[in-house]
Structure formats: structure tokens, C-alpha cells
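Engineer: One structure, pasted below without further comment.
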Amino acid sequence: MLTKEKIRADLSNDYKKHYEVPLFQQHGFTRKACKTCKRAFWTADKSRELCEDSSCVDFEFIETKPRKVDFIDTWKKFEKFFVKNGHYSMPRYPIIARWKPDLYFTIASIVDFQRVEQGKLFFSYPNDKIVVPQPCLRFGDIENVGVTGAHMTGFVMTGQHAFNYPKEGYWKNECLDLNFEVLTKVFKVPKGDFVYKEDVWAMPDFSAFGPCIEVMSKGNEIVNNVFMEFQAAPTGTGYKPLDTKVIDVGWGHERLCWYLSGEPTIYDTAFGPVMKKVKKESSIEYDRDFFDRYAKIAGKLNIDEVKDIRAARKQIAKQLNVKPEFLQKNLEPLQALYSVVEHSRSLAFAIADGGLPSNAGGGYNLRIILRRAMNFIREHQIPFTLSELALQHAEYLKPMYPELMKNQKEITEIIKIEEDKFARSVIRAGKQITTLLEKKTKFDLKTLMTLYESHGITPEILEENAYRTGKKIEIPQDFYQTLTGKHEAREPKQEKTPFDLSGIPNTEKLFYERIYEFDAQVIKTLKIDKRHYIILDRTAFYPEGGGQLFDIGQIDNAHVIQVQKIGDVVIHEIDNELKKKNVHCIINKERRESLRRHHSAAHLLNGAAKKLLGNHVWQAGAEKTPEKGRLDITHYDSLSNEELQKIEDMANQVIHEKRPVANPVLPRLEAEKKYGFTLYQGGAVPGKQLRIVDIKDWDVEACGGTHVSNTGEIECVKITKAKKIQDGIIRLEYVAGNTLCAKADKTQVNTEFDESDRWIKEVDAMLKTKNQLTGEIDFIDFDSATLEELQEKFKSLKKELAEIRNRIVHSIDTASPVQYLQDADMKTLQEMAEKILEHHAFTVLLSNGMVLGKGKHAGLENVVEKCAEIMGGKAGGKPGEYKGGGPYAEKTKDAFEFAKKQLV
């Protein structure tokens, strides 16, 4: 079986062929084995014994007096060198990888050039030699961010790529010559300071792999040179050469800048003036000399390489001659500051490119880093919001990435909504955590994930609340790694087909023309499970795809009941067997016209929503039937009736203007260059040629559906229903065409929004109450719940809560008028108060940060107000009834003791 270890051993055994290049001999590099990891490396320093990897040496490049190195200026120098040496400097691609069906985010610069056709990967590139400053997102190192000083969720991979060797591009010799020259001549790094380490890079399925040579220096990986030249053999045991060789060189731009500057962390160099300002204006104090000593060995806290992070901290504390508690107290605030600034830049890039924090897909991981950052801001009283930091990043990076400034308004709005959601989660969490911590202090990974996914309770919030109550809890060191791992990539759809299409020629496609009758030759007939299928040499029947239903009609005397496309072959399902060689075909014209109108109307509505709501709006799904259309769009909030009306009016105005709809077919790269990545509104589109639907000055998408030739043919469009189907996704249902618009009932619009929102609030309130009363974690996924499910849950909870309250009220001991209750909501306190007032002139009841005082007593108002103050809040009311509370539920017992002392 083929493994990375086997490949590494094979290539290493023949290192002269796979790793050695003339450069090594010319500059006196010799091959050695690292004394620590035993891996091979090349060095010009005869005395060197270690490979310079961070697992083998400390960050020895960190200086007590760092050099001034600018992030943008470093790119300009790099770009100038490679352009001078025949490379095309390409603008960056979006960080949201909509052209790649298996990824949510761009994780490396090579992803820019990867495309899929019929399930197979191929490379599409504008030049055979390219450099690109590509922002990337990866979420496997969240726990390391801010701690090791080296890790990031968002980083710029300066890609250096060469394609199609030997016909074009270049290979190992020239690649390493260029890298050596840029390091030694442009950035003035002495050749004795860095080594070339041998390794292997491989796709998980070994569909592409090859040797890689990493440039290491003083604990920093500066660049990784990957030479993709092999693929697994069909047998699965051996391998063979790739038809096209690809050089994938990834320069970590932040790592290069960090190395050149000698700053204590990667963040100090990468974020330049932003980091300086935040450090200056925050109240976080730290010992610079001590931190510099820590920074050099901080890489030892990398959770990917450390099994026990607590033991590693103790070891570092011992090495620095301090106690672990001192290390934690003096470093955590600064580590939090670094994390916040790092996460804010990642979010700025993602949101600017149309990403939305949510509870599903890639948005799930964006929300994780957003909430982690907001928690650090709250806990350490950092005097900046995430949107303020995003703006600072945008201002600094404007010469390199001007689009960040362009989208600041949306970035601010989206982050503000997320901040409000998080604030509500924190308030709810306080009461739930108090109850939880009374029962346990050790939480397994599954429980922690439930707390986060159901209630927004992060491990940091849990730890903070535990600390306030004098308890210590253990959080698994790989919590975020596990949480985000589920949302790094999409599950690719596997196309399964019962048809054997070997030897079948591609079908000539006529369905983009206005053809409703045509003649064709029968290529093949099939019968599978009593169902009849026919393949023609040419067809005008549109096969289902892109959310658009198939055409129906007749092939001779057989009715067409379904049409599908597999690869480039169109297959028609018919209701009886045909044995003729030549057939006459008729399309159901009325159905086709309605489908055309609904499909083009979807593009109009999508364009209107984007123009009205902002650039974060992308198509998230669609369906077009003869009766109606459905369009799912990304948006962070519900839509008001006014917004829906504006979207509809804007679309109808474009219909009234009868704008032309063009359908050019262009090479993919040409289309991307001309129209940008809004082409992929509907997601990844396969193939090297793209069919474009261009509604003049309104909307441009790559689309394979049937469309009108000018917008006037749509006649009209009406939105009939709108609802939130999951977090961050709004579904619009609509009809197009005069007949269907006339039938549409306008009063339906938005009713499901209103109903769902009302029931969500009702059920959410009841869930919170139940959790307070019982201490059990119960939740419902509101974003995917149907109206019926919410109503059913409401009835069930209402009955359950009544029973719980009844049990609590009847178990009350009426001996004392002042009582503390473990878990109760305000309604339960009210019912208990009535029972106690049967035996006393007054009562004061306290539970979970709430206080209620009822009856007649001269000091009742003052006592209730003081109790609320103890719990961090306020109280008020009228004679005979006062109530209030505060966020510090853990202080409830202190308030109870005060009330008892004053009144009993």
C-alpha cells in the first residue's frame, strides 16, 4: 500500500535524482542527517548538526533589537524580483473558494489554479510562471494562535508557481536558483544561515505528489518548494509520472517578514502599525525582556506536537525560572491581544469576500474565531471592537488589498450583529454555567461541543465563570481543532449512475436555441428496472441541472418523462420502448417558456438583493419549476416587508427596461478575468469553457440553464414567500410571467418570517426557563426547525414547565419568609411568593441572579435593591412588590445572606 513514509524512503534512497541540484555543489551545500529528527538536510555550514526545524531548534532569529521590516514593502521587493525574472504577478483570488467544489476556503495559493471537470482535477492558469500574494484561511491551529507566536488562522501565501514543464515553466534547478537568489541578494540572508530540508508532499489520495524541499532557518520555515511529478498507479501500490509537472512554491509571507525583522512574534511584523497601536492603547502590561526569552521557546507549546500542554507549560516555566502560575498570569493577556488582532484580519478578508459567520458550513468556523476573539475582548477589557480592528487592517493593507476598505460598511454591520448575538449568549450562559459547575468541573469533548453549538458557550467563558466561583476546570487542548475540523471542507458529491456509457459519443446540445421540434438519430436504447431510456445524437430537451427542471414532450409516440445529463451525454427517460433509428421530437413549449422565465428571474432577484443588501449576498441554492421559483441567498438578518418590496420592484424595473441577455461561451480564465468571481454565484461550475448569462449592467453568472434573450420576456416577477431556512440563508419563493403573477396572493409575503420569528422567541424563552429550573441542557436548532416543529415543541414545553413549577411550588417550606432557591425563574418565584404570603406579611425570594420581594415591610424596597446591587444589577417596582437582578448569578447566595440578616 502506498504511504507517505514509503514515498519518503523511496525518494531519499535516490536523493541525487530527487533532491540534489547543481546549486548545492556551486555554493558548498553538503547533505547531513539531523541529530534530533534524523531527517536529511543540506547546509553550507559544515558545523551544523540540526535541521533548523522548530521541532529541533528554538526561534533563534528573534532579536533583542528587531529590524524594521514592512509587510507591504517586503511583497513589493519580492514581486519586483520575480517579475524581472519572467513571472506574471497575478491579482489574488477570493478567500472564499467558490470555484472549488470540495473547499469552503482558499487554503493555499495552488487552489487558485485548481478546477474540476467530470470529477477530475486539472490546472487552469493565465501564465506558465506566476507569483501571487494569496490570502488563505485554515482553522487547524486556533489553539496555537497567540500562544506560540508563530501560528495564524489567516495568512498570505506568496505563491510562486510554474506549470506544464517541460513544455513551459521550469523545474527544480531554476526554482531553487531563483529562491536562493531572492533570499541572498534581495533580502540579504547569508547562505550559512539557512538549510534545505528533504521531505515529501502528497494529496491525501496520492493523485498528485512529489519531493519537496523546505528552506529552514533558526526554527522558521521560510518557504516550501513542492515538485508535483507523480501519481499513484492504478494498482494502488506503485506510482507513475504525472502528464503535467507543477511547481507549487509556498512562501509564508508573514513568516518571511517575521524572520527578517527578528520581532518576538509573527503578529508584531505582520500587522505592523495595527499591532503597535493596539498594544499602546490597551492596558495590558508585560515585561519585554521576559517575553523575548519566552518567545524564543514558545514553539514548544504547539499542540500538534505536544501531547500534554500543561506539562509543556510547566517545562517552559522551569526553563524560564518562574512558576507556571506566573507564566499564565503574565502572558495570557498579551496572547489574547495577539489572538484578537489576528482573528480580526482573518474575518475582514472572509467577510469582504462574501463569507458570513453562521452555524453551518464554512461560516461555522468564521463564527468560532469571531466568538473566541469577542470573548478575549470582554475578558481582558481590550479597548477595541473587532470592526474597529478590521478597519485598521484595511487602512494599513489598502495599497495591497484595496477591496478591504471598499467593503468596510458590510464588515462592520455583520460583526455588530454577531457581537449582539454573542452578548446575549454570555448573559444566558452565566446562569446555565453556574448550575453546571455545581454538578461537575470536568467536561468531556462531546459536552463542550454541545455547550458551544447549542448555547454559544465557549471554553473561555466556562473557564472564566469557574474561576469566579473558585473552581478550576479542564478543557481538552484540541477542542477548537476538533470543532473546526468538521467544517474545513465540503463533502464532494459522488455521481452514481446505473448507465454504461462507454463508447457513447457526446450529445449535440440544441436546448440553448429556440427549437421546439427537431429530428434526431437514436444512438442507444436502455431498459433498467422496467424503465425505458433513449440516447440521441442531438437533443433540444433540457436535462435537469443548475436547479432547473428538465423539459418534457414527445419522442415519436413516446412521452418524455425525465431528462438527465451524465458527463456530456444526455439521457431521456420515456414511457414506452422505441425501436426506430430516426425519430421526431417535440418539446412542451409552455413548460419550457415558464422555466426560462423563472430561471432568468432568479438572476434578476439575486442581482437586486446584492445591490440592495450588499456584496455579502451570494446565491446559496435555487430551484426553478414551471409553477414557481426558489432562490436562497446569503444574508445575516431577516428581511423586512419593505426590503422584499424593494427587491421585487428593482427586478421589475429591469424587466420593464427590456435589457438584453447575452450568453457568450468563454474559456474559464478569460471569463474570470473579464467578469470576476461573481461568476460563481451558483457555486463551482465544471469544465474548461463557461457559458455566461450576462444581464446587461445587472448580473453576470456562469450558468448552464435556459434563459430569455431580453428581460422583457420575463413579463413580471412577484415574491410570494420569504423565510430564514438556516442561519445566514434566506429563501425567496417567487413566480414569473403575467399569468402566474396575477394569481399570486400578495398577502402571503413574509408571513412565515413573522410566524417563525414569533415561535422561535416563544420556544427559546421556554427552553431557557426549563434549563434554569432543571439544570439540564436542552435545545432545538432554530435555524433548521420548521414552523410545525416549533409549535409542537412549544406545546410540549408549556406542559412540562407547568408540571415542574407545580412540583417546586408545592415542595416549598413556608417556615421562613426569606428563601434561596437553587433553580427557579421569575414566574416560579411569583407563584412561591403567593404561597408564602399565606403565612407571612412579606417575603423575599432569590434564585439565579434574580430577587423578588412582596408584601408589607418597611425595609423591603431597600433590601431588594441592595440584593440586586450585590448581584451586579438594579431593582425597582411599586409598594408591595419589588424585583430585580444582575449578571453575577454566583453572588445570589451572598445576596440571600444579606436579606436574611436584615429581615429575619
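Numbering (my numbering), first residue to last: 70 to 973. The beta-carbon is built from N, C-alpha and C at its ideal position, and this holds for glycine as well. Remember, predicted model here, so these are calculated numbers, not experimental data.
Spatial neighbours of G615 within its chain, please: C-beta separation below 7 Å, excluding the five flanking residues on both sides.
Structural biologist: As a working mapping, residue 615 is identified with position 546 in the sequence shown. Answer for G615: G751, C772, G773, G774, listed in chain order.
Engineer: Within its chain, find whatever has a CB closer than 6 Å to the CB of R184; leave out the 5 residues flanking it on each side and keep chain order.
Structural biologist: In the sequence shown, counting from the first residue as 1, residue 184 sits at position 115. For R184, where only same-chain residues beyond five positions count, the Cβ hits under 6 Å are F191, S193.
Engineer: Going by DSSP, what residues sit across from D79 in a beta bridge?
Structural biologist: To locate residue 79, count along the sequence shown from 1; it is residue 10. Looking at the DSSP assignment, D79 forms no beta bridge with any residue, so it has no partner.
Engineer: Give the secondary structure of V269 by DSSP, where H, G and I count as helix, E and B as strand, and everything else as coil.
Structural biologist: As a working mapping, residue 269 is identified with position 200 in the sequence shown. Here V269 sits in strand by DSSP.
Engineer: Just tell me which of L531, W767, L247, P545 has its CA closest to the CA of D513.
Structural biologist: Translated into positions along the sequence shown, residue 513 becomes position 444. Looking at the Cα atoms, P545 is the closest of the given residues.
Engineer: Specify whether the segment 621 to 634 and the segment 679 to 690 touch according to this definition: at least 3 beta carbon pairs, one from each stretch, less than 8 Å apart.
Structural biologist: Result no; under three Cβ-Cβ pairs closer than 8 Å.
Engineer: Comparing alpha-carbon positions, which option in L552, E659, C936 lies nearest G209?
Structural biologist: As a working note, residue 209 is residue 140 in the sequence shown. Closest by alpha carbon: L552.
Engineer: Measure the alpha-carbon distance for T304 versus G319 and round it to whole angstroms.
Structural biologist: As a working note, residue 304 is residue 235 in the sequence shown. As a working note, residue 319 is residue 250 in the sequence shown. About 31 Å.
Engineer: Measuring CB to CB, does V201 end up less than 8 Å from D171?
Structural biologist: Indexing the sequence shown from 1 puts residue 201 at position 132. Indexing the sequence shown from 1 puts residue 171 at position 102. No, they are not a contact pair.
Engineer: Does the beta-carbon of E267 have 16 or more other beta-carbons within 10 angstroms, so that it is buried, or is it exposed?
Structural biologist: Residue 267 sits at position 198 when you count from the first residue of the sequence shown. It is buried - the Cβ of E267 has at least 16 other Cβ atoms within 10 Å.
Engineer: Helix, strand or coil: which one does DSSP assign to K511?
Structural biologist: Here residue 511 corresponds to residue number 442 of the sequence shown, with the count starting at 1. In this structure, K511 counts as strand in the three-state DSSP scheme.
Engineer: Spell out the partners DSSP gives Q631 in its beta bridges.
Structural biologist: Against the sequence shown, residue 631 aligns to sequence position 562. Answer by DSSP bridge pairing, in chain order: E642.
Engineer: Comparing C-alpha positions only, which one of I179, K596, K578 sits nearest to P567?
Structural biologist: Here residue 567 is taken as the residue at index 498 of the sequence shown, counted from 1. Nearest C-alpha to P567: K596.
Engineer: Taking the continuous beta strand (DSSP E) assigned at P202, which residues delimit it?
Structural biologist: Position 133 of the sequence shown holds residue 202. It spans 198 to 206 - the beta strand (DSSP E) in which P202 sits, taken as one unbroken run.
Engineer: Among V786, E711, R737, which one has its Cα closest to the Cα of V723?
Structural biologist: Residue mapping note: residue 723 aligns to position 654 of the sequence shown, counting from 1. The shortest C-alpha separation from V723 is found at V786.
Engineer: Anyone know if the C-beta pair for V762 and V730 falls short of 8 Å?
Structural biologist: Here the question's residue 762 lines up with position 693 in the sequence shown. Here the question's residue 730 lines up with position 661 in the sequence shown. Result yes, Cβ atoms of V762 and V730 sit closer than 8 Å.
Engineer: When the distance is taken between beta carbons, is V216 closer than 8 Å to T338?
Structural biologist: Indexing the sequence shown from 1 puts residue 338 at position 269. Indexing the sequence shown from 1 puts residue 216 at position 147. Contact: no.
Engineer: Quick one, which of K792, G228, E482, Y749 has its alpha-carbon nearest N293's?
Structural biologist: Within the sequence shown, residue 293 is the residue found at index 224, counting from 1. Among K792, G228, E482, Y749, the Cα nearest to that of N293 belongs to G228.
Engineer: What number of angstroms, rounded off, separates the C-alpha of D361 from the C-alpha of G432?
Structural biologist: As a first step, residue 361 must be located in the sequence shown, where it is residue number 292. As a first step, residue 432 must be located in the sequence shown, where it is residue number 363. Their Cα atoms are separated by approximately 36 Å.
Engineer: Could you give the distance in angstroms between the alpha-carbon of D768 and the alpha-carbon of L673?
Structural biologist: Here the question's residue 768 lines up with position 699 in the sequence shown. Here the question's residue 673 lines up with position 604 in the sequence shown. If you take the alpha carbons of D768 and L673, they lie about 7 Å apart.
Engineer: Whose C-beta lies closer than 7 Å to the C-beta of N233 among residues of the same chain, with five residues either side of it excluded?
Structural biologist: Against the sequence shown, residue 233 aligns to sequence position 164. Closer than 7 Å at the Cβ level, and outside the excluded window around N233, lie D197, T313.
Engineer: With which residues is I603 paired in a DSSP beta bridge?
Structural biologist: Looking up residue 603 in the sequence shown gives position 534. I603 is bridged to T594, H641.
Engineer: Hey, how far is the Cα of F296 from the Cα of D142?
Structural biologist: Translated into positions along the sequence shown, residue 296 becomes position 227. Translated into positions along the sequence shown, residue 142 becomes position 73. Those two C-alpha atoms are separated by around 28 Å.
Engineer: Look up M1017 in the DSSP assignment and say whether it is helix, strand or coil.
Structural biologist: This structure cannot settle anything about residue 1017, because the visible part of the chain is limited to 70 through 973.
Engineer: Could you check whether D422 and A798 sit closer than 8 Å to each other, using their CB atoms as the reference points?
Structural biologist: Taking the sequence shown and counting its residues from 1, one reaches residue 798 at position 729. Taking the sequence shown and counting its residues from 1, one reaches residue 422 at position 353. This sequence places Ile at residue 798; Ala is not what is there. No, these two residues do not count as a Cβ contact at 8 Å.
Engineer: What residue range is occupied by the uninterrupted alpha helix (DSSP H) comprising D300?
Structural biologist: The count along the sequence shown starts at 1 and reaches residue 300 at position 231. A quick correction: the sequence has Gln, not Asp, at residue 300. Note, Q300: premise wrong, no alpha helix (DSSP H); beta strand (DSSP E) at 289 to 301.
Engineer: Taking all protein chains shown into account, decide if D358 is buried (16 or more other Cβ within 10 angstroms of its Cβ) or exposed.
Structural biologist: Translated into positions along the sequence shown, residue 358 becomes position 289. Its Cβ having fewer than 16 others within 10 Å, D358 is exposed.
Engineer: From the DSSP secondary-structure annotation, give me the bridge partner or partners of L735.
Structural biologist: Taking the sequence shown and counting its residues from 1, the one referred to as residue 735 is at position 666. According to DSSP, which records beta bridges pairwise, L735 is partnered with L759.
Engineer: In the DSSP assignment, what are the bridge partners of V315?
Structural biologist: Counting from 1 along the sequence shown, the entry for residue 315 is found at position 246. The partner list for V315 (beta bridge, DSSP) reads F232, M297.
Engineer: On the DSSP bridge list, what partners appear for A310?
Structural biologist: Within the sequence shown, residue 310 is the residue found at index 241, counting from 1. Correcting the residue type first, residue 310 is Pro in the shown sequence and not Ala. Answer is F299.
Engineer: Could you please give the first and the last residue of the uninterrupted beta strand (DSSP E) stretch that includes F192?
Structural biologist: Numbered from its first residue, the sequence shown carries residue 192 at position 123. Its beta strand (DSSP E) spans residues 189 to 192.
Engineer: Just tell me which of S158, A405, L460, S330 has its CA closest to the CA of R447.
Structural biologist: As a working note, residue 447 is residue 378 in the sequence shown. Checking every option, the nearest Cα to that of R447 belongs to A405.
Engineer: What number of angstroms, rounded off, separates the C-alpha of A219 from the C-alpha of V375?
Structural biologist: Taking the sequence shown and counting its residues from 1, one reaches residue 219 at position 150. Taking the sequence shown and counting its residues from 1, one reaches residue 375 at position 306. Spanning the two alpha carbons is a distance of roughly 15 Å.
Engineer: Where does P528 fall in DSSP's three states?
Structural biologist: Here residue 528 refers to the residue found at position 459 when the sequence shown is read from its first residue. Helix at P528.
Engineer: What runs of the beta strand (DSSP E), each 3 residues or longer, lie entirely inside the segment 645 to 670?
Structural biologist: With a minimum length of 3 residues, the continuous beta strand (DSSP E) runs that stay inside the segment 645 to 670 are 651 to 656.
Engineer: From this set, E487, K970, K541, Q477, which residue's C-alpha is nearest E507's C-alpha?
Structural biologist: In the sequence shown, the residue the question calls residue 507 occupies position 438. Of the candidates E487, K970, K541, Q477, the one whose C-alpha sits nearest the C-alpha of E507 is K541.
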